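Colleague:
In the numbering used here, the protein residues as written are 153 to 428.
(1) State the DSSP-derived secondary structure class of residue 272, mapped to helix, strand or coil.
(2) Per DSSP, which residues does residue 173 bridge with? Please list them.
(3) Taking the Cβ atom as the reference point for each residue, do residue 243 and residue 165 lie within a distance shorter than 8 Å?
(4) Give me, in chain order, the residues of the same chain whose beta-carbon lies closer than 7 Å to that of residue 370; leave out the 5 immediate sequence neighbours on both sides.
(5) What does DSSP give as the partner residue(s) for residue 406 in the beta ladder?
(6) Spatial neighbours of residue 318 within its chain, please: C-beta separation below 6 Å, excluding the five flanking residues on both sides.
(7) Pick helix, strand or coil for residue 253, following the three-state DSSP scheme.
(8) Please report the distance separating the alpha-carbon of residue 230 from that of residue 312.
(9) Have a look at 189, 427, 156 and flag the residue whose alpha-carbon is nearest the alpha-carbon of residue 174.
(10) Over what stretch of residues does the alpha helix (DSSP H) that includes residue 164 continue unbroken?
(11) CB-CB under 8 Å to residue 352, same chain, minus the five flanking residues each way: which ones, in chain order?
(12) Tell me the DSSP secondary structure of residue 325 in three-state form.
(13) Measure the beta-carbon distance from residue 373 to residue 366 and round it to whole angstroms, keeping in mind my assumption that it falls under 8 Å.
(14) Taking the beta carbon of residue 195 as the centre, do at least 16 other beta carbons fall within 10 Å, making it buried, or is it exposed?
(15) Does the beta-carbon of residue 245 have 16 or more other beta-carbons within 10 angstroms, so that it is buried, or is it exposed?
(16) Does the distance between the C-beta of residue 303 and the nearest non-hydrogen atom of the ligand ATP fall short of 7 Å?
(17) Start and end of the alpha helix (DSSP H) containing residue 331?
(18) For the beta strand (DSSP E) that contains residue 294, what are its first and last residues?
(19) CA-CA distance, residue 190 and residue 233?
(20) Going by the beta-carbon positions, is the gap between residue 259 and residue 413 smaller than 8 Å?
(21) Would you report the Cα separation of residue 221 and residue 261, rounded to the nearest angstrom?
(22) I need the boundaries of the beta strand (DSSP E) containing residue 223, first residue and last residue.
(23) Look at the Cβ atom of residue 428, then the Cβ atom of residue 236, and state whether they are nearer than 8 Å.
(24) Counting only the same chain and skipping the five closest in sequence on each side, list residues whose C-beta sits under 7 Å from that of residue 385.
(25) Taking the beta strand (DSSP E) that residue 319 falls in, what are its first and last residues?
(26) In terms of residue numbering, what span does the beta strand (DSSP E) encompassing residue 193 cover?
(27) Give the single residue among 393, 383, 401, 390 whose Cα lies nearest to the Cα of residue 417.
(28) With DSSP collapsed to three states, give me the class of residue 218.
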């Protein structure tokens, strides 16, 4: 794993809100990630689009969003192979260095799989979906297949993390919906991020990003993980939390349950880091 970050990569991430890391996984690591993710997604029994942990695992609906991607969340909690990949302090260290924080926890992982001919993923922000609010939240996106201009690679609007208010139109049928909330962003040139299988990117949770349609007969698999800076507090949104967890929380409570949000890396509290 190419986990050492240069000063230039960190500076570029903080300025633009994203960074692409070519050759993140070597051939053997890529094979292991593919095997683990395929096993975990297949083991769910049904391919789920819902982020609701109480949904019962319904298959994706036959609407626009149901045909954007297959989304399977928190695979680390149900599959030992994925857990071993996700609970890796090297990932936490990278996220900590990019975000410039003391420590990083997993918020949730998710496989994002564009099937042949799937719809575009419209411009959106990530952090407004989550149960905490932080300008330093971020995600890793690992390409398990080549992500190309033809099959649905990521696109970013650089710098938008700096003035995002947290208002989010969500992933809908209209690519231009976000510009009704943030009209100045329509003047920014988007940046495509095609990646070879084994490359990865990190992006800030408030950075506007999306993905093209899959205009091919092939599949585009990616494994991602959202990261929460250590010390973040509950903002009242359910997102991936169960009803039982919601009943235990009040707004302002620190989200520090290691069984839900493992501490991957900490500069000041290494003794609390989750280890295999």
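Backbone N, C-alpha and C fix where the C-beta goes; we use that ideal spot for every residue, glycine too.
Only a predicted model underlies this, so the values are computations on that prediction, with no experimental measurement involved.
Modeller: Inspection of the coordinates gives the following:
(1) Looking at residue 272 - three-state DSSP - the assignment turns out to be coil, as it is neither helix nor strand.
(2) Secondary-structure assignment with DSSP links residue 173 through a beta bridge to 352.
(3) No.
(4) Closer than 7 Å at the Cβ level, and outside the excluded window around residue 370, lie 268, 303.
(5) Under DSSP, the beta-bridge partners assigned to residue 406 are 385.
(6) If we look at residue 318 and ignore the five residues flanking it on each side, its Cβ neighbours are 280.
(7) Three-state result, residue 253: coil.
(8) Approximately 35 Å between the Cα atoms of the pair.
(9) The shortest CA-to-CA distance from residue 174 to any of 189, 427, 156 is the one to 156.
(10) Per DSSP, residue 164 belongs to the alpha helix (DSSP H) from 159 to 168.
(11) Apart from the 5 residues on each side of it in sequence, residue 352 sits with its Cβ closer than 8 Å to the Cβ of 172, 173, 176, 177, 292, 293, 294, 295 in its chain, given in chain order.
(12) Residue 325 falls in the coil class under three-state DSSP.
(13) Their Cβ separation, rounded to whole angstroms, is 11 Å, which puts residue 373 and residue 366 out of contact at 8 Å.
(14) The residue in question, residue 195, is exposed, as its Cβ has fewer than 16 Cβ neighbours within 10 Å.
(15) By the neighbour-count rule (16 or more Cβ atoms within 10 Å), residue 245 is buried.
(16) Ligands in the displayed structure: none, and consequently the ligand ATP is not present.
(17) Residue 331: member of the alpha helix (DSSP H) spanning 330 to 333, first to last residue.
(18) Looking at the DSSP string, the run of the beta strand (DSSP E) that includes residue 294 is 290 to 295.
(19) One C-alpha to the other measures close to 10 Å.
(20) Yes, they are a contact pair.
(21) Inter-residue distance for residue 221 and residue 261 is about 15 Å (C-alpha atoms, whole angstroms).
(22) That run of the beta strand (DSSP E) goes 222 to 225.
(23) It is a contact, given that the beta carbons lie within the stated cut-off.
(24) Closer than 7 Å at the Cβ level, and outside the excluded window around residue 385, lie 284, 404, 405, 406, 407.
(25) For residue 319, there is no enclosing beta strand (DSSP E), as DSSP marks it with neither H nor E.
(26) Looking at the DSSP string, residue 193 is not in any beta strand (DSSP E); the run it does join, the alpha helix (DSSP H), is 179 to 195.
(27) Considering only alpha carbons, the answer is 383.
(28) Assigned with DSSP and collapsed to three states, residue 218 falls in helix.
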